[in-house]
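In our numbering, the protein residues as written are 22 to 178. To keep things clear, I will list the structure first and then write my remarks on it.
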Amino acid sequence: MIENSVNGATATDVLTSPFIQTLVQQIRGLDTYGVYRNWANDLILKPFVITKQKKREISIENEVDPVTLGRIMGFYRAVAARVEQETGLLSQVVVDLNHEGFGWVLVFSGRLLLVCKTLRDAQRFGFESLEKLASEGETLVQKGIDLAQRFPEVGKL
Numbered sequence: 022m023i024e025n026s027v028n029g030a031t032a033t034d035v036l037t038s039p040f041i042q043t044l045v046q047q048i049r050g051l052d053t054y055g056v057y058r059n060w061a062n063d064l065i066l067k068p069f070v071i072t073k074q075k076k077r078e079i080s081i082e083n084e085v086d087p088v089t090l091g092r093i094m095g096f097y098r099a100v101a102a103r104v105e106q107e108t109g110l111l112s113q114v115v116v117d118l119n120h121e122g123f124g125w126v127l128v129f130s131g132r133l134l135l136v137c138k139t140l141r142d143a144q145r146f147g148f149e150s151l152e153k154l155a156s157e158g159e160t161l162v163q164k165g166i167d168l169a170q171r172f173p174e175v176g177k178l
């Protein structure tokens with residue numbers, strides 16, 4: 022298990038958070054060959070944890086590789102899925118990146134834009150710890166839920 026203890030939270034506490042559980046479901050759901058079938062959740066999430074030192078080592082000269090793009094899509098699909106679970110509004114994700122790793126991620130429901138995030142240096146997409154991963158995910162989910170509840174008629178268009 023990844024040893025992560027920030028703000029008194031243990032890795033086990035983080036692995037049981039609703040966002041992390043949904044993220045793992047998204048990753049396992051796209052695993053057409055069953056590679057992750059017997060993997061522990063913390064092992065599946067390990068690619069999302071990238072230290073500052075490791076980020077410095079990743080060259081931004083290269084294009085965004087498919088594995089990194091998959092991590093980005095998985096993260097934001099988990100955000101969309103959590104918003105769906107809480108509001109009942111069908112949510113979709115669009116990622117538009119150029120070859121340099123700059124672009125946008127949009128999570129929308131109907132005509133309502135729930136999350137609009139600018140990506141910079143997407144080659145370095147990751148979080149310092151599982152806690153930060155869960156925290157960022159839950160923050161985006163909560164903002165999306167708030168917008169969906171404030172403008173339900175737009176989300177249903």
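The beta carbon of each residue, even a glycine, is placed where N, CA and C say it ideally should be.
- Gln42: member of the alpha helix (DSSP H) spanning 39-50, first to last residue.
- For Glu82, the number of other beta carbons within 10 angstroms of its own is below 16, and it is reported as exposed.
- The three-state reading of DSSP puts Lys75 in helix, counting H, G and I together.
- By the criterion of a C-beta distance shorter than 6 Å, Ala143 is surrounded in its chain by Val85, Leu118, Gly122, once the five residues flanking it on both sides are discounted.
- DSSP, read as helix, strand or coil, puts Val116 in strand.
- Around the Cβ of Gly91, a 10 Å sphere holds fewer than 16 other Cβ atoms; the residue is exposed.
- Thr139 sits in a strand when the DSSP states are folded into three classes.
- About 11 Å separates the beta carbon of Leu135 from that of Val126, a gap too long to meet the 8 Å contact definition.
- In this structure the region 55-73 does not lie against the region 97-117, because fewer than three pairs of beta carbons, one per stretch, are closer than 8 Å.
- Where Val56 is concerned, there is no enclosing alpha helix (DSSP H), because DSSP gives it neither an H nor an E.
- By DSSP's assignment, Val126 forms a beta bridge with Val116, Lys138.
- With respect to Thr72, Phe146 sits apart: the two C-beta atoms are not nearer than 7 Å.
- Membership of Arg132 in any alpha helix (DSSP H) is not indicated, and neither H nor E is assigned to it by DSSP.
- Assignment of Phe69 by DSSP, reduced to helix, strand and coil, places it in the helix class.
- In the DSSP assignment, Phe148 is bridged to Val70.
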